[in-house]
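Undergrad: Protein chains in written order, with the numbering used here: chain A, 1 to 218; chain B, 1001 to 1271.
Cβ atoms here follow ideal geometry from the backbone N, Cα and C, with glycine treated the same way.
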Amino acid sequence: MHAAAAAPAAPGMPEAAATVTPAELTIGAVATVSGRLAGAQPGAGAQLSLQSEPYPFRAYTTIARTSVAADGSFTFPALHPERNTRLRVLVEGGPAPAGPPLTVTVDPQVKLSARTLGRGQTLLSVRIRHALLGSQAPVTASWYLQTRGSHVFSLAALTPTRELAPGVLYASATVDPPSRHFAYRVCINPAWEHAMGARSTHGDCPDHDFVLEAGRAR
Amino acid sequence: MRAERSMPARALALALAACAACAAPAAQALEFEGEGRGIPLPTYPSAASISAAGGLLNGRAGRTAFAVLDSSGHLSGLRVHEHFETASVVKVMMLTAYLQMLSAQHRGLRTADRSLLYPMIHISDNEAASAVLAIVGAPALARVAREAGMTDYAPGVGWWAYTQTSAADQARLLFALDRLIPARFYGYARYLMSTIEPSQSWGIPPVARPRWQVFFKTGQLPEQGLYNEVARLEGHGLTFAVAVLTDGDPSMGYGQQTIEEVGARLLERAP
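1) What residue range does the beta strand (DSSP E) around B:V1214 cover?
2) Using a C-beta cutoff of 7 Å, does A:R83 count as contacting chain B?
3) On the DSSP bridge assignment, give the partners of B:Y1162 in chain order.
4) Measuring only the C-alpha atoms, how far is A:S67 from A:Q109?
5) Between the alpha carbons of B:M1093 and B:G1055, how many angstroms are there, rounded?
6) Please go through the same chain and pick out, in chain order, the residues whose beta-carbon is closer than 6 Å to the beta-carbon of A:T75, but skip the five residues on each side of it.
7) Taking the C-alpha atoms as reference points, what is the distance between B:M1252 and B:G1062?
8) Listed in chain order, which residues of the stretch 181 to 194 of chain A have Cβ atoms closer than 8 Å to some Cβ of chain B?
9) Is the Cβ of B:R1190 closer than 7 Å to any Cβ of chain A?
10) Give the single residue among B:A1112, B:P1182, B:L1173, B:R1146 whose Cα lies nearest to the Cα of B:D1070.
11) Please report how far the alpha carbon of B:E1031 lies from the alpha carbon of A:L132, in whole angstroms.
12) Please confirm whether A:V106 and A:L48 have their CB atoms less than 7 Å apart.
13) As a quick exercise: from B:P1139, B:S1088, B:G1235, B:R1269, pick the residue whose alpha carbon is nearest that of B:P1222.
14) Any C-beta of chain A sitting closer than 7 Å to the C-beta of B:I1181?
15) Look up A:S125 in the DSSP assignment and say whether it is helix, strand or coil.
16) Identify, in the order they occur along the chain, each residue of the same chain with its Cβ nearer than 7 Å to the Cβ of B:G1237, setting aside the five sequence neighbours on each side.
17) For B:A1027 and A:V152, what's the separation of their Cα atoms in angstroms?
18) I'd like the list of long-range same chain contacts for B:Q1200, defined as Cβ closer than 8 Å, with 5 residues on each side in sequence excluded.
19) Where DSSP assigns a beta bridge to A:H181, which residues make up the other side?
20) I'd like to know whether the C-beta of B:A1066 is nearer than 7 Å to at least one C-beta of chain A.
21) Any idea what DSSP makes of A:F74, helix, strand or coil?
22) Give me, in chain order, the residues of the same chain whose beta-carbon lies closer than 8 Å to that of B:G1156; leave out the 5 immediate sequence neighbours on both sides.
23) For B:Q1224, count neighbouring Cβ atoms within 10 angstroms of its own Cβ and tell me buried if that reaches 16, exposed if not.
24) Would the beta-carbon of B:I1039 fall within 7 Å of that of A:R86?
25) To the nearest angstrom, how far is it from the Cα of A:L212 to the Cα of A:T140?
26) With a cut-off of 7 Å, does the C-beta of A:G120 fall near any C-beta of chain B?
27) CB A:Y170 to CB A:R127, shorter than 7 Å?
28) Give a yes or no on whether 7 Å exceeds the smallest Cβ distance from B:R1146 to chain C.
29) At what residues does the alpha helix (DSSP H) containing A:T15 begin and finish?
30) On the three-state DSSP scale, how would you describe B:R1265?
31) For the stretch 1028 to 1042 of chain B, which residues have a CB atom closer than 8 Å to at least one CB atom of chain A, in sequence order?
32) Enumerate, from N- to C-terminal direction, the unbroken beta strand (DSSP E) stretches of 3 or more residues contained entirely within the stretch 111 to 176 of chain A.
33) Under a CB-based cut-off of 7 Å, is B:R1269 close to chain A?
34) Going by DSSP in three states, B:A1023 sits in which element: helix, strand or coil?
35) Under a CB-based cut-off of 7 Å, is B:G1237 close to chain A?
36) How many angstroms separate the CA atom of A:L79 from the CA atom of A:T32?
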């Protein structure tokens, strides 16, 4: 999956058609911007700059430069975006492109664990590597349990999160398992929520039991 | 046993379940799903105990019903949806609605609030209850009913004590108290419902204590032989709710004995 953008060229100016691959990745993974320069004055050696505008999308800054190859292609060095980021490619000396930017959606890296402690006690935990942005203060993790065969996730526990290290959130809860095999969900609304993931993943955690909407359940 | 997995954030479309705060648009949130294994605690009370309580109730005079929402959240009982008048057990709904109102107003408990809520629960003061209802309004009780998943609720005609309910509704309400009452006030609600004056602590508390923490409310309309009790019991890592409703009892003592014996049947086996 990739995102593409082509800046409409001004008369007489070359045009950089660029893509970013992948367009959505997990924090820590690599994205690459590449493309082709076309237009009135293409050619080897033309200088391009890559500008980045990470969330909260206030200003572009140049993060890399590269030269156009003889065939008009170009590739920038690999990127390691840590939050949702907009990108654009500029022909040096030219105006800023007017078209839509490339976008990279960065998801947190999540590790879930469930461990049986004994009868009536299962330790659930979540560790999330996330963007270093905003307050690192504890928030509430909401834990929901689903009995196998049921569609209802029942709110079972509310526990505080903590930062194990900068950019690493951890939360746990000890619950009475509803059955020997069960599914669980953990929901948080951290300060960095809007800096990561697709917009559709943002919103308040339910403060009550819920069922997954038909057709959307995994 | 251990299960681990990694996954990206994913959007979830959530639909409503039991409560009606849930009437808000379906939310989406930063939420992750995993699978677990474990050894559940045995469900309490047992099916045998619930059956014994039902057998006992069938042999009692008058109109009777009871419901248990067991520690696994399953509903059972006898005539669980039969309609009864609440009498004073409706004061638990009033308490819930009042505390929700305080939370919505972003304010804490003041002396004036306590001077209504404490007598309403501790000695089942009817004037305090009427004042509370006047403050929160009837729609607030209906909202609590929706949020608790009470399907048999209907407002009282002429007097709040005539509020219509069922054993299933009351068990659902008591089971859901920790969810319905705002967290900052939940301790106060538990205090009120566990320190009711002795003369009104009949029925389940005497047979449950001290093995169980009992949060309860009794209600009565002696002129029609109506005696009700609703209780939330916690202990041994378990929580369950019981509602016993009776009408047409030959005497107050008879009604109270019926409820006490139902409690005894439910609790006779240790968890």
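TA: Once the coordinates are examined:
1) As a working note, residue 1214 of chain B is residue 214 in the second sequence. First-last of the beta strand (DSSP E) with B:V1214: 1213 to 1221.
2) Sequence index remark: in the first sequence, residue 83 of chain A carries index 83 (1-based). For A:R83, no CB of chain B lies under 7 Å from its own CB, so it is not counted at the interface with that chain.
3) Stepping through the second sequence from its first residue, residue 1162 of chain B is reached at position 162. Per DSSP, none; premise fails for B:Y1162.
4) If you number the first sequence from 1, residue 67 of chain A lands on position 67. If you number the first sequence from 1, residue 109 of chain A lands on position 109. Each residue's alpha carbon lies about 34 Å from the other.
5) Along the second sequence, one-based indexing puts residue 1093 of chain B at 93. Along the second sequence, one-based indexing puts residue 1055 of chain B at 55. The alpha-carbon atoms of B:M1093 and B:G1055 are separated by roughly 29 Å.
6) Taking the first sequence and counting its residues from 1, the one referred to as residue 75 of chain A is at position 75. Only S34 meet the Cβ criterion.
7) On the second sequence, residue 1252 of chain B is found 252 positions in, with the first residue counted as 1. On the second sequence, residue 1062 of chain B is found 62 positions in, with the first residue counted as 1. Approximately 12 Å between the Cα atoms of the pair.
8) When C-beta distances to chain B are compared with 8 Å, the residues of the stretch 181 to 194 of chain A below that value are H181, F182, A183, Y184, R185, V186, C187, I188, N189, P190, E193, in chain order.
9) Against the second sequence, residue 1190 of chain B aligns to sequence position 190. So, not an interface residue.
10) Looking up residue 1070 of chain B in the second sequence gives position 70. For B:D1070, the nearest C-alpha among the options comes from B:L1173.
11) As a first step, residue 1031 of chain B must be located in the second sequence, where it is residue number 31. As a first step, residue 132 of chain A must be located in the first sequence, where it is residue number 132. Each residue's alpha carbon lies about 19 Å from the other.
12) Taking the first residue of the first sequence as position 1, residue 106 of chain A is located at position 106. Taking the first residue of the first sequence as position 1, residue 48 of chain A is located at position 48. Not a contact, by the Cβ cut-off of 7 Å.
13) In the second sequence, residue 1222 of chain B corresponds to position 222, counting from 1. The residue with the shortest Cα to Cα distance from B:P1222 is B:S1088.
14) The sequence position of residue 1181 of chain B within the second sequence is 181, counting from 1. No, B:I1181 does not count as interfacial toward chain A.
15) Locating residue 125 of chain A in the first sequence gives position 125, counting from the first residue. Strand, per DSSP.
16) To locate residue 1237 of chain B, count along the second sequence from 1; it is residue 237. Only L1041 meet the Cβ criterion.
17) Counted from its first residue, the second sequence places residue 1027 of chain B at position 27. Counted from its first residue, the first sequence places residue 152 of chain A at position 152. Summary for B:A1027: the model assigns pLDDT 43, below 50, so the residue's position carries little reliability, and this model does not support an answer.
18) Your numbering for residue 1200 of chain B matches position 200 in the second sequence. Same-chain partners within the cutoff: I1123, S1124, T1218.
19) Taking the first sequence and counting its residues from 1, the one referred to as residue 181 of chain A is at position 181. Paired residues: B:R1037.
20) Taking the second sequence and counting its residues from 1, one reaches residue 1066 of chain B at position 66. Here the sequence assigns Phe to residue 1066 of chain B, which means Ala is not the residue at that position. Judged by the 7 Å Cβ criterion, B:F1066 is not in contact with chain A.
21) On the first sequence, position 74 is the one that residue 74 of chain A refers to. Three-state DSSP puts A:F74 in a strand.
22) Stepping through the second sequence from its first residue, residue 1156 of chain B is reached at position 156. Only E1085, T1086, V1090, Y1162, T1163, Q1164 meet the Cβ criterion.
23) Taking the first residue of the second sequence as 1, we reach residue 1224 of chain B at position 224. Residue burial annotation: B:Q1224 is exposed, with fewer than 16 other C-beta atoms found within 10 angstroms of its C-beta.
24) Here residue 1039 of chain B is taken as the residue at index 39 of the second sequence, counted from 1. Here residue 86 of chain A is taken as the residue at index 86 of the first sequence, counted from 1. The answer is no: Cβ separation not under 7 Å.
25) The residue you call residue 212 of chain A lines up with position 212 of the first sequence. The residue you call residue 140 of chain A lines up with position 140 of the first sequence. In a straight line, the C-alpha of A:L212 is about 21 Å away from that of A:T140.
26) For this step, residue 120 of chain A is matched to residue 120 along the first sequence. Cβ-Cβ to chain B under 7 Å: yes for A:G120.
27) In the first sequence, the residue the question calls residue 170 of chain A occupies position 170. In the first sequence, the residue the question calls residue 127 of chain A occupies position 127. A contact, by the Cβ cut-off of 7 Å.
28) Absent here is chain C; the protein component of the structure consists of chains A and B.
29) Here residue 15 of chain A is taken as the residue at index 15 of the first sequence, counted from 1. Here the sequence assigns Glu to residue 15 of chain A, which means Thr is not the residue at that position. Not the alpha helix (DSSP H): A:E15 falls in the beta strand (DSSP E), residues 14 to 21.
30) Numbered from 1 along the second sequence, position 265 holds the residue referred to as residue 1265 of chain B. Helix, per DSSP.
31) Q1028, A1029, L1030, E1031, F1032, E1033, G1034, E1035, G1036, R1037, G1038, I1039, P1040, L1041
32) 121 to 129, 140 to 147, 152 to 160, 162 to 165, 168 to 175
33) As a first step, residue 1269 of chain B must be located in the second sequence, where it is residue number 269. Answer no: the Cβ-Cβ gap between B:R1269 and chain A never drops below 7 Å.
34) Taking the second sequence and counting its residues from 1, one reaches residue 1023 of chain B at position 23. At B:A1023 the pLDDT is 27, less than 50, meaning the model places this residue with poor confidence and gives no usable figure here.
35) To locate residue 1237 of chain B, count along the second sequence from 1; it is residue 237. Yes, B:G1237 lies at the interface with chain A (some Cβ there is under 7 Å from its Cβ).
36) The sequence position of residue 79 of chain A within the first sequence is 79, counting from 1. The sequence position of residue 32 of chain A within the first sequence is 32, counting from 1. Going from the Cα of A:L79 to the Cα of A:T32 covers about 6 Å.
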